[in-house]
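Residues -27 to -1, 1 to 305 (mature numbering (1 follows the signal peptide of the UniProt record, and there is no 0)) are what the sequence shown spells out, left to right.
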Amino acid sequence: MGAPHPVFPRGAALWAFLLASLGSVAGQPLGAEPMCTAQPLARYSITFTGKWSQASFPKQYPLFRPPAQWSSLLGAAHSSDYSLWRKDQYVSNGLREFAERGEAWALMREMEAAGERLQSVHGVFSAPAVPSGTGQTSSELEAHSRHSLVSFVVRIVPSPDWFVGVDSLDLCDGGSWREQVAVDLHPYDAGTDSGFTFSSPNFATVPQDTVTEITASSPSHPANSFYYPRLKALPPIAKVTLVRLRQSPRAFVPPALDLGVGGNEIVDSLPDPETPLDCEVSLWSSWGLCAGACGRPGAKSRTRYVRVRPANHGAPCPPLEEEAPCDPDNCV
């Protein structure tokens, strides 16, 4: 009978390999993307451009009390174990206050607390409000190799609880920082207020709903301010552009922008798209009395009124009055 095989060294080697493999995975959050290996810090300018014009969004466009505008921008650079907001998930109390009333203090405290307790937020940044539907505001932010994700929100004013923003946009591409990123923005419903229109009164959603994207057909209600059944998709209501800043001894100088076709220009040169808005009329009223001479056919009529006037070559309004023959009730 031969000598036993020396299995211990081989088993030890296998055990060491497993430990090394587990150790390399333990440094990353479960299910996370590969870690960023770029230089530890990168600084970016962030420019928010509102594209909420009456030509692009003619239905119920707010002209006064208050006119169409944007709240201040509030965001954070963070790691994958933090979420400012996410589609199909519930918003926090702080984000609810921000989406409904534009009050930012509770949301800022939540972000700062996440940075202190979990070390998941590297820094909070903000930009001033835009006092009209179209316009720009900008700020700067710092991203870290362990906090390379950026999220922010901007409230649509006026609105029940609608906002735009980005969720966990990664500024790192493996071993390098992205030089420039541009994202078209569309409206979202925070799920905390049940209003359909920009000027709807406060009506809490009970129980609270999750964040949903507002589209040209959803919510599928004619009263919805973004309801455009002829469109396959809404035009972008805003845009955000992030540009990496180069650090010099004196100041940060942004790189030259590529303004060619398909480039991520900060200022759009194209005019706003004109969204067609069809005429909307009310239901018919009841038929009026049948009037006419005795022994002869009479006529009765009914009316309706214009609820939404057409715009941008939308379908014109149909007739607002209709007549029909009848037998006179009280002939003369």
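Heads up, the beta-carbon is just placed ideally off N, CA and C, and yes, glycines get one too.
Helix, strand or coil: which one does DSSP assign to residue i?
i    : result
F176 : coil
A49  : strand
E85  : helix
G106 : coil
L114 : strand
E152 : coil
L80  : helix
A266 : coil
P133 : coil
E253 : strand
R38  : coil
Would you grab the beta carbon distance between residue i and residue j for me? Rounded to a whole angstrom, and I think it's under 8 Å.
i    : j    : result
G48  : V126 : 7 Å
P202 : S29  : About 16 Å separates the two Cβ atoms, so there is no contact after all.
G138 : W58  : 7 Å
T214 : Q33  : Between Q33 and T214 the Cβ distance is about 29 Å, and since that is not below 8 Å, they are no contact.
C145 : A50  : Rounded, the Cβ-Cβ distance is 11 Å, inconsistent with contact.
A272 : E296 : 5 Å
I'd like to know whether the C-beta atoms of residue i and residue j end up nearer to each other than 8 Å.
i    : j    : result
T188 : A163 : no
G106 : Q42  : yes
S18  : S118 : no
L46  : S99  : yes
T183 : S167 : no
How would you call residue i, buried or exposed, if buried means at least 16 neighbouring beta carbons within 10 angstroms?
i    : result
A224 : Bear in mind that a pLDDT of 46 at A224, under 50, signals an unreliable position, so the number given afterwards is only what the model happens to contain. By the neighbour-count rule (16 or more Cβ atoms within 10 Å), A224 is not buried but exposed.
S198 : buried
R69  : buried
V94  : buried
L293 : exposed
H286 : exposed
D302 : exposed
L158 : buried
C304 : exposed
Y278 : exposed
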